[in-house]
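Sequence order for the protein chains is D and C.
The first sequence begins at 7 in our numbering and counts up by one.
The second sequence begins at 1033 in our numbering and counts up by one.
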Amino acid sequence: MHYKINGKLFDAEPRPGQCLRTFVRDLGWFGVKKGCDQGDCGACTVWLDGKPVHSCLIPAFRAANREVTTIDGLCAKGHLHPIQQAFLDAQGFQCGYCTAGMIMTSASLTEEEKQDLPFRLKGNLCRCTGYRAIDDALHGRKNVEDDIAGKAHGAGIGNPFGPAIVTGKARYTMDVAVDNVFYIKVVRSPHAHARIRSIDTKAALAIPGVIKVFTWEDVPKRLFSSATHEDHLVDPDDTHVLDNVVRFAGQRVAAVVAESEAIAEAGCRAVQVDYEVLQAVFDPVAAMEPNAPILHDKGNGTNSNIYAEIHGEVGSVKEGFTAADAIHEMTYSTPRVQHVHLETHGTIAWRGEDGRIHVRTSSQAPFIVQQKLAYVFGLTAGQLHVFTERVGGGFGGKQEMVTEDLCVLAVLKIGRPVKWEFTREEQFIGATTRHQMTTHVKIGAKKDGTLTAIQVRVVSNTGGYGGHGGETLAAALGSPMSAYRCPNKKADGFAVYTNVVPGGGFRGYGASQSTYAIECAIDEMGELLGLDRFAIRRKNMIQPTDWIESVWKDPSDVGFGSYGLDQCLDYVEKTLAKGNGVAKPDGEEWAEGTGIAMAMLDCGPPTEHRSGAVMVLKPDGRYHLAVGSTEMGNGSVTSHRQIAAAILGTRASNIDIINADTDQTPYDTGTFASTGTVVAGKAVALTAEALKENILAYAARYTGIDPAAWRIEDGFVVSDTKRIALVDLHAAGIQDGHRFEAKRKAYLSPRTTAFNVQGIRLAVHRVTGEIQILHSVHAADIGKPINPVQCRGQIDGAIGMGIGWALTENMVHDAQGRVVNPSLRNYRIPAFADLPRSDVFFADTYDTLGTLGAKSQGECAINPIVPAIANAIKNATGVRFPHPPFTAARIYSQLNKGK
Amino acid sequence: MDLNTITEVVRPADAEAVKKWQSGYAWLAGGTWLFSEPQITTHTLVDIESFNWPSLVTTPEGLEIAATCKVIELNRYTPPPEWEAAGLFPKCCRAFLASFKIWNEATVGGNIVMSLPAGPMISLTAALEGVCKLWPRNGAPREVSVTDFVTGNHANVLAPGELLRLIFLPASALRKKYAFRRFTLTQLGRSEALLIGTLCPERGEFVLTVTASTLRPVQLRFENVPTAETLRSVLDQAVPFELYLDDVHGSPGHRQHLTYFFAEQIREELSA
């Protein structure tokens, strides 16, 4: 067949059932991405005869004799298409994985069509940006600021990978051609709880092209946790690479390695598994009952599904409730939701000529993956090289080792390169999720609103495996309980194994779930006492001179490096009152309401976390920075260059950077819980300072002028009398045997505290239950933003994710415990049409504990979103809905009772 | 996605060339559903795009929509001015959950043959009293109304290998006034309920077509616009609770509630 792709004419024969997406990728046009492979997300958008189509749905043979244009071919003669330039100017991306499809769709639109972006962009999903920056790009708004030497700190400069992202050249995990590669596909359990009696692999192995089938009998008998933390003891070792007991429907049972994905799939279908189906339990409360089936026999005599149990009390809640004039008590819950990073999990592994195993992967924690692989397979860390190139979103989902182990197993046993890429369905049934938590809250207060007691009981459903179960539970009982000053607080928490897809790390990390419950309860208390919601919060919220304490008396390393909660509340109150001119829809059936919620978060994880950086001055006067942390759309690569540039008085573009590579960068625990800023950022700052001292010290030695007299400017060292170009200084230094390099490590302690306050005005249709968000206001106390454009983007994205969680997202399981909506058409994340444009405010604070005044920013903004929406719905309708998602189907029935 | 079980694509010149229909065959039109999920029981795709059926044929009697007519073509169709109900074409095209980009490939027939409750081409053609012309593999062509064509959620009257050739919309229906109501879980999302009412300008006949909220289309005919009470009681009879769809996009109770709410709104609008 004759093809013309990006102007190139050639003949080729696609496979009969091949789609255009894989066809063009096999030919090397890697700009075309796979987000869902089902036509829902639009990441694979290309033009067919000039018209945009989803290439995953186009039979490849149908593209013959037609003209195909991919993002790779959009630049004419090296000039960016105006839309590509617009996305750069607006920084209309974060991880950039959806960008190719977003641009191919946008570039196809006429001016008239651009007037209806909600409709035109509904087939392009972005999980990072909340679409605000994309809207900016399509309206020609420029967000990016100039990169000026000495002014890098606090400047909204562009992502250094922006040009590669908008042209499709940025290489994500799967965007490389690998010679002689084999493919992995896995057999997944249809049962939620079963013991495997036997696995017959004969029929599978008889299929030509099937190389090997691995079962539980082929894997090291080592238990580990797929969760990645510096302290491996905070997660339970309850997982085998492959096990003979399955504990959730979707758990991997056997891995087929074959010459193609098609053959591997056929091999999976041919594997015969004989299951002894066991009684399953899905409800964590039922799982705590004495007669419940036990998921993990740990051989330690305990016979319980409770993986973690945490208790604490300060003061006496009993006395607090006795002293109260009003008590509110209610059970709130939050559903199980998925991260839906647009790039699915995936790994490519091979044995190099150096004899070591190289693992190219989509991870937030390559160093911990290296350690876990070394442990599981009895290797030394030096025998493993784990790295990321560009990662297409994480949100905590990639703080997990779910693909690397089987790839390494296959390389060890077969010797050839292997590749395993998750499908979108596998993301839902075989990865991790946010822990479903049920929080019972009881609070007491005096008539004037003073809280006398706060008590919570949190039951967290950790699913079949316990990774992150204890840490998210601790987080749920931590900062959300500290946010209010109250002498009597008590918390009881249980993380419980059940036969559903496991929980994991997810933006907000447990604190989101309990913040939701507590913020609803505070509103209810305000209502009981006739107090305004701002007033009751101001009366009780933590103050900068307060001791930060939730329910434990132990000393803590959390303090106030800054405090801007008051500013945040003031801004939200003022801005909600001012309004944004968006009126509620016409009709008396529409009820309007406003709601607020606040959230407090410790900046960084409570467990150990380390990072390191190496910096050198190069002969050409530029710098090279190596830092271990991962970039997955969080913006840390941009901010790390800015931190280094600010300290060295140069432009960010003078800093070359490499990250997240166990061979090429110093150790880093991983990028989650905002550690990209608060730990890795600190390592970068320490390293840049050290290199500055190194350079100035040599300048002093070289000139004989006192080191204190020297300062560094863009490209020069300068004293009162001399000015030496760095290029010349470097040349002289090398002659003298001086080395212009520095390495520093950072450890996270003490930790500071960030705040976020959300305001929502919305309308509820009393008959249909439809909700329309009219105004979204967010105030963040995140210290001094290193890059306000990026910080704003992170907040927009977190608001969007929170709105999805509040209104539509929910993993639904059937009676057998199988996920019934494992696709983007049935698990709806917000599209462009679903999200408002938020007013965002940064409190004017400079943190004394954080790097260059900055605090956590990527994570915490999600925490007040769901309760603000819940409180607004209550305000509009007079009805409290304790269980998101607040779908119309749930809302209407409570509003139409007795009608 | 790649359909890795497919071993052959057959591109016959016409339907007659496909003599023997075998299990494992599937007709391929736009492919936008077929390629969106694994099709592990299918090994051969039989391409019907190459039949080159004319997409839209306007006659005094009505409109013939080929099964292979792309959604984009229907959306762009310019009807004779007296066909007021053709205003439903773009409305129903926009009722797809799928992007406009999918319209470039997806076909009207494909959506009907999928027979999903939320299929907006079903809503459209059922409301406009469409008749499907079916070509069995062996035997004479037959005709069946769209409302009878779809028998349940993802179920229809097609025998194995039987082909949907076209949908005929009678001019009498296209000349009607209409009212349209739709509800979605997300903005511009999948229909949880889609109701269309039509009113015959000459005879005053009122037809209400309930789709998306029910497992299959339900059509209610009234000689004149009924009273609210009559409409409710006929709905009570025609749509038992079990017929309301239960899925992740809505609950049966909500769908029933919306159906009654929209039915009354449509009744009022067409009474005016």
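Every residue gets a Cβ at the ideal spot worked out from N, C-alpha and C, and that includes glycine.
Quick one: what's got a C-beta closer than 8 Å to residue i's C-beta in the same chain, skipping five residues either side?
{"i": "ALA497/D", "result": "ILE316, HIS317, GLY318, GLU319, GLN461, VAL462, ARG463, VAL464, LEU483, MET487, SER556 and VAL557"}
{"i": "GLY1221/C", "result": "LEU1129 and HIS1281"}
{"i": "GLU236/D", "result": "ILE374, THR613, GLU614, HIS615, ARG616, THR675 and GLY676"}
{"i": "LEU1277/C", "result": "PRO1149, ASN1185, ALA1244, SER1245, THR1246, LEU1247, PRO1284 and ARG1287"}
Quick one, which of the options has its alpha-carbon nearest residue i's?
{"i": "THR1074/C", "options": "CYS274/D, PRO22/D and ARG896/D", "result": "PRO22/D"}
{"i": "PHE1273/C", "options": "THR1246/C, CYS1101/C and ALA1304/C", "result": "THR1246/C"}
{"i": "GLY388/D", "options": "VAL733/D, ARG362/D and VAL277/D", "result": "ARG362/D"}
{"i": "LEU1302/C", "options": "ILE1104/C, ARG1213/C and ARG1169/C", "result": "ARG1213/C"}
{"i": "SER642/D", "options": "ALA658/D, LEU654/D, GLY627/D and ALA867/D", "result": "ALA658/D"}
{"i": "SER523/D", "options": "ASP563/D, LEU26/D, GLU117/D and THR445/D", "result": "This sequence places Ala at residue 523/D; Ser is not what is there. Nearest option by C-alpha distance: THR445/D."}
{"i": "MET606/D", "options": "GLY352/D, PHE566/D and VAL588/D", "result": "PHE566/D"}
{"i": "ALA155/D", "options": "ILE653/D, ALA895/D and ILE897/D", "result": "ILE653/D"}
{"i": "HIS918/D", "options": "MET108/D, VAL283/D, THR245/D and HIS736/D", "result": "Residue 918/D lies beyond the stretch modelled for chain D, which goes from 7 to 905, so this question has no answer here."}
{"i": "VAL279/D", "options": "VAL225/D, SER195/D and ASN311/D", "result": "SER195/D"}
{"i": "CYS274/D", "options": "GLU282/D, TYR898/D, ARG258/D and THR758/D", "result": "ARG258/D"}
{"i": "ALA1172/C", "options": "LEU1252/C, CYS1232/C and LEU1195/C", "result": "LEU1195/C"}
{"i": "GLY570/D", "options": "THR468/D, ALA849/D and GLY107/D", "result": "ALA849/D"}
Where does residue i land, buried or exposed, given buried means 16+ other C-beta within 10 angstroms?
{"i": "LYS553/D", "result": "Inspection of the sequence shows that residue 553/D is occupied by Trp rather than by Lys. With fewer than 16 Cβ atoms within 10 Å of its Cβ, TRP553/D is classed as exposed."}
{"i": "ASP560/D", "result": "exposed"}
{"i": "GLN741/D", "result": "exposed"}
{"i": "ASP538/D", "result": "exposed"}
{"i": "LYS905/D", "result": "A caution first: LYS905/D carries a pLDDT of 48, below 50, which makes its placement in the model unreliable, though a value can still be read off. So LYS905/D ends up on the exposed side."}
{"i": "GLY710/D", "result": "exposed"}
{"i": "PRO713/D", "result": "exposed"}
{"i": "ARG647/D", "result": "buried"}
{"i": "GLU19/D", "result": "exposed"}
{"i": "ALA437/D", "result": "buried"}
{"i": "PHE16/D", "result": "exposed"}
Helix, strand or coil: how does DSSP classify residue i here?
{"i": "CYS25/D", "result": "strand"}
{"i": "GLU315/D", "result": "strand"}
{"i": "ILE354/D", "result": "strand"}
{"i": "VAL259/D", "result": "strand"}
{"i": "ALA1051/C", "result": "It should be noted that the sequence gives Lys, not Ala, for residue 1051/C. In this structure, LYS1051/C counts as coil in the three-state DSSP scheme."}
{"i": "SER1223/C", "result": "strand"}
{"i": "GLY1236/C", "result": "coil"}
{"i": "PHE500/D", "result": "strand"}
{"i": "HIS744/D", "result": "coil"}
{"i": "MET1033/C", "result": "coil"}
{"i": "GLY107/D", "result": "helix"}
{"i": "GLU406/D", "result": "strand"}
{"i": "ALA769/D", "result": "strand"}
{"i": "PRO611/D", "result": "coil"}
Between which residues of its own chain and residue i is the CB-CB distance below 6 Å, once the five residues before and five after are set aside?
{"i": "ARG1174/C", "result": "LEU1166"}
{"i": "ALA1211/C", "result": "GLY1229, ILE1298, GLU1301 and LEU1302"}
Under 7 Å Cβ to Cβ from residue i, same chain only, skipping five residues before and after it: list those, please.
{"i": "SER645/D", "result": "THR683, GLY687, ILE792, ASN793 and GLN796"}
{"i": "GLY852/D", "result": "The sequence shown places Tyr at residue 852/D, rather than the Gly named in the question. Result list for TYR852/D: SER568, GLY789, LYS790 and GLY859, in chain order."}
{"i": "ALA1061/C", "result": "ILE1080, GLU1081, ALA1099, THR1100, THR1139, GLY1141 and GLY1142"}
{"i": "LYS624/D", "result": "HIS630"}
{"i": "VAL1041/C", "result": "LEU1077 and ASP1079"}
{"i": "CYS1124/C", "result": "PRO1152, MET1153, SER1155 and LEU1156"}
{"i": "GLY822/D", "result": "The residue you asked about is not Gly; residue 822/D is Gln in the sequence shown. Here the set comprises ALA198 and ALA255."}
For the segment 760-770 of chain D against the segment 693-709 of chain D, do three or more pairs of beta-carbon atoms, one drawn from each stretch, fall closer than 8 Å, so that the two count as touching? Contact fails: fewer than three Cβ-Cβ distances are below 8 Å.
Inter-stretch contact (C-beta, 8 Å, three-pair minimum) for the segment 67-79 of chain D and the segment 13-30 of chain D: Of all C-beta pairs linking the segment 67-79 of chain D to the segment 13-30 of chain D, three or more are shorter than 8 Å, placing the two stretches in contact.
On the three-pair Cβ rule with 8 Å, is the segment 839-847 of chain D touching the segment 871-882 of chain D? Output reads no: the segment 871-882 of chain D does not touch the segment 839-847 of chain D.
Counting beta carbon pairs with one atom in the segment 335-345 of chain D and one in the segment 431-449 of chain D, are three or more of them shorter than 8 Å? The answer is yes - the segment 335-345 of chain D touches the segment 431-449 of chain D, with three or more Cβ pairs under 8 Å.
Measuring CB atoms only, is the segment 39-50 of chain D touching the segment 429-438 of chain D, in the sense that at least three cross pairs come out at less than 8 Å? Yes, since at least three Cβ pairs between the segment 39-50 of chain D and the segment 429-438 of chain D fall closer than 8 Å, the two stretches touch.
At least 3 beta-carbon pairs within less than 8 Å: the segment 498-510 of chain D vs the segment 531-549 of chain D: Taking 8 Å as the limit for Cβ pairs, the verdict is that the segment 531-549 of chain D does not touch the segment 498-510 of chain D.
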